[in-house]
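Visitor: Take any residue in the sequence shown, count from 1 to its spot, add 280: that is its number in our numbering.
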Amino acid sequence: MNEKKIGVFCSGGDAPGMNAALRAVVRRGIAQGVKIIAIHRGYQGIFDEAFEKMTPRSVGNIIQLGGTIIKTARCEKFYREEGVAEAAEILKKHNFTGLIAIGGDGTFRGLIELQKHWDGQIIGVPGTIDNDIFGTDYTIGFDTAIDTVIQMLDRIRDTAESHERVFIVEVMGRQSGFIALEVGIGCGAEAVLIPEHPINLREIAKQVKEAHKREKKSVIIVVAEGVSNNKIFEFCNKLTNQEGLEFKTHISILGHVQRGGSPSALDRWLATRLGAFAIDCILEGSTGIMVGEQNHQLVKVPLKETGKKKSIDQYAYSLIRDLAI
Ligand code: F6P
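(1) Compute the distance between the beta-carbons of P296 and G346, then report whether it is under 8 Å.
(2) Here's the rule I'm using: 16 or more other beta-carbon atoms within 10 Å means buried, otherwise exposed. How should I605 be labelled?
(3) Mind listing, in chain order, the continuous alpha helix (DSSP H) runs of no fewer than 4 residues lying wholly within the segment 424-483?
(4) Can you determine whether any heavy atom of ligand 1 sits closer than 7 Å to the C-beta of G384, and answer yes or no?
(5) Going by the DSSP bridge assignment, what does K580 pair with across the sheet?
(6) Taking the C-alpha atoms as reference points, what is the distance between A318 and E441?
(7) Where L433 and R454 are concerned, what is the direct C-alpha to C-alpha distance, given to the nearest angstrom?
(8) Pull up the distance between the alpha-carbon of G287 and that of T520, whole angstroms please.
(9) Counting C-beta neighbours from all protein chains within 10 Å, is the total for E505 16 or more, i.e. buried, or is it exposed?
(10) How should G421 be labelled, buried or exposed, when 16 other C-beta atoms within 10 angstroms of its C-beta is the threshold for buried?
(11) Helix, strand or coil: which one does DSSP assign to S542?
(12) D593: buried (16+ other C-beta within 10 angstroms of its C-beta) or exposed?
(13) Can you give me the Cβ contacts of V463 inside the same chain, cut-off strictly under 8 Å, excluding the 5 residues immediately before and after it?
(14) For I403, report the span of its beta strand (DSSP E) as first-last.
(15) Helix, strand or coil, according to DSSP, for A551 in the structure here?
(16) Rounded C-beta distance between S508 and I436? I'm assuming under 8 Å.
(17) Can you check whether the CB of L554 is closer than 8 Å to the CB of V571?
(18) State buried or exposed for Y595, treating a residue as buried only when at least 16 other CB atoms are found within 10 Å of its CB.
The following block contains the structure:
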């Protein structure tokens, strides 16, 4: 019987729990007789032939570490068809029989392209703080990120309340509002602005004024980066200078602090189950799928479907205003 030789890599933005997923892939794989090769720095590592044969000890004492010990990258070359074809040739030359990629939507788009040039088994494991992958209720890293952001927002609330200020806090999430919505609910934000809903600046300015009339001492407005599009200062100016409704505000951009840190218990649980399940899928011959979790059950989702738009929780969104009275 031919031994399976599986490459595993992390790609795109790092997310807490990637190491836990890597550990599960390596140990479940080796325990089941699979050769596991780590590819360093995502897709770039294929071109650089940055391969490392893994042993159970290679992933010792990493389950609690944030980031990824095998590094990650965004690889320009892999966006081009010639790059993908070249990567496929390298995988053939080294006799890889499959790949497990831990990453987000960009990573999965890369896998779909690779399938056109390479017939090895391809499995995606959803790892991104954004939680914007269709087909899985949660992605690895999201739970830790929202805990981190909520801690920051609690601190901002302390100073906002003491100085009786309005704060606008920009959080990550690309074109999705999952982080903004969950942290907005978790910290009792007065408003949450997400790309999934149209934004009426005048209406928000009115809400701030009304909050002051109701003697609220502090106001926190959480803005998803997909709303401000890297122009949070301009966005803020427009919001705070609505005619007759002007107000002062402080801006806080949380940035990459949201991506770091030791993974939460939930992220370790999710990452471990998904990593091990990716190996099980390899062993049963699956390919072209993402492993995910729906209603606490492990599922396989065709990679092609993972790019669909995932819906936010409309009910939670509808509560924000009532809960801020
Ligand atoms: O996808 C994860 C993420 O943190 C997004 O929320 C954010 O827009 C992006 O990555 C930032 O990427 P980079 O670290 O490459 O600037």
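In this text, a Cβ means the ideal position worked out from N, Cα and C, and glycines have one as well. Here the structure is a predicted model, which is why all the values come from computation and not from measurement.
Guide: Let me spell this out:
(1) Residue 296 sits at position 16 when you count from the first residue of the sequence shown. Residue 346 sits at position 66 when you count from the first residue of the sequence shown. Contact flag set, yes.
(2) Along the sequence shown, read from residue 1 onward, the residue named residue 605 stands at position 325. I605 comes out exposed.
(3) 458-467
(4) Locating residue 384 in the sequence shown gives position 104, where the first residue counts as 1. Yes, ligand 1 has a heavy atom inside 7 Å of this Cβ.
(5) Position 300 of the sequence shown holds residue 580. The partner list for K580 (beta bridge, DSSP) reads V571.
(6) For the purposes of this step, residue 318 is identified with residue 38 of the sequence shown, where counting begins at 1. For the purposes of this step, residue 441 is identified with residue 161 of the sequence shown, where counting begins at 1. If you take the alpha carbons of A318 and E441, they lie about 49 Å apart.
(7) Residue 433 sits at position 153 when you count from the first residue of the sequence shown. Residue 454 sits at position 174 when you count from the first residue of the sequence shown. Rounded to whole angstroms, the gap between the alpha carbons of L433 and R454 is 19 Å.
(8) The count along the sequence shown starts at 1 and reaches residue 287 at position 7. The count along the sequence shown starts at 1 and reaches residue 520 at position 240. G287 and T520: Cα-Cα distance of roughly 51 Å.
(9) In the sequence shown, the residue the question calls residue 505 occupies position 225. Burial call: buried.
(10) One-based indexing of the sequence shown puts residue 421 at position 141. Burial call: buried.
(11) Sequence index remark: in the sequence shown, residue 542 carries index 262 (1-based). In this structure, S542 counts as coil in the three-state DSSP scheme.
(12) Counting from 1 along the sequence shown, the entry for residue 593 is found at position 313. So D593 ends up on the exposed side.
(13) Here residue 463 refers to the residue found at position 183 when the sequence shown is read from its first residue. Hits under 8 Å: I426, V429, I430, L433, V451, A469, V502.
(14) Sequence index remark: in the sequence shown, residue 403 carries index 123 (1-based). From DSSP, the beta strand (DSSP E) with I403 extends over 401-406.
(15) Working through the sequence shown from its first residue, we reach residue 551 at position 271. DSSP places A551 in helix when its eight states are reduced to three.
(16) Numbered from 1 along the sequence shown, position 228 holds the residue referred to as residue 508. Numbered from 1 along the sequence shown, position 156 holds the residue referred to as residue 436. For a cut-off of 8 Å, the C-beta gap from S508 to I436 is around 17 Å, too long to register as a contact.
(17) Within the sequence shown, numbered from 1, the residue matching residue 571 stands at position 291. Within the sequence shown, numbered from 1, the residue matching residue 554 stands at position 274. Against a cut-off of 8 Å, the Cβ pair of L554 and V571 comes out as a contact.
(18) Numbered from 1 along the sequence shown, position 315 holds the residue referred to as residue 595. Y595 should be labelled exposed.
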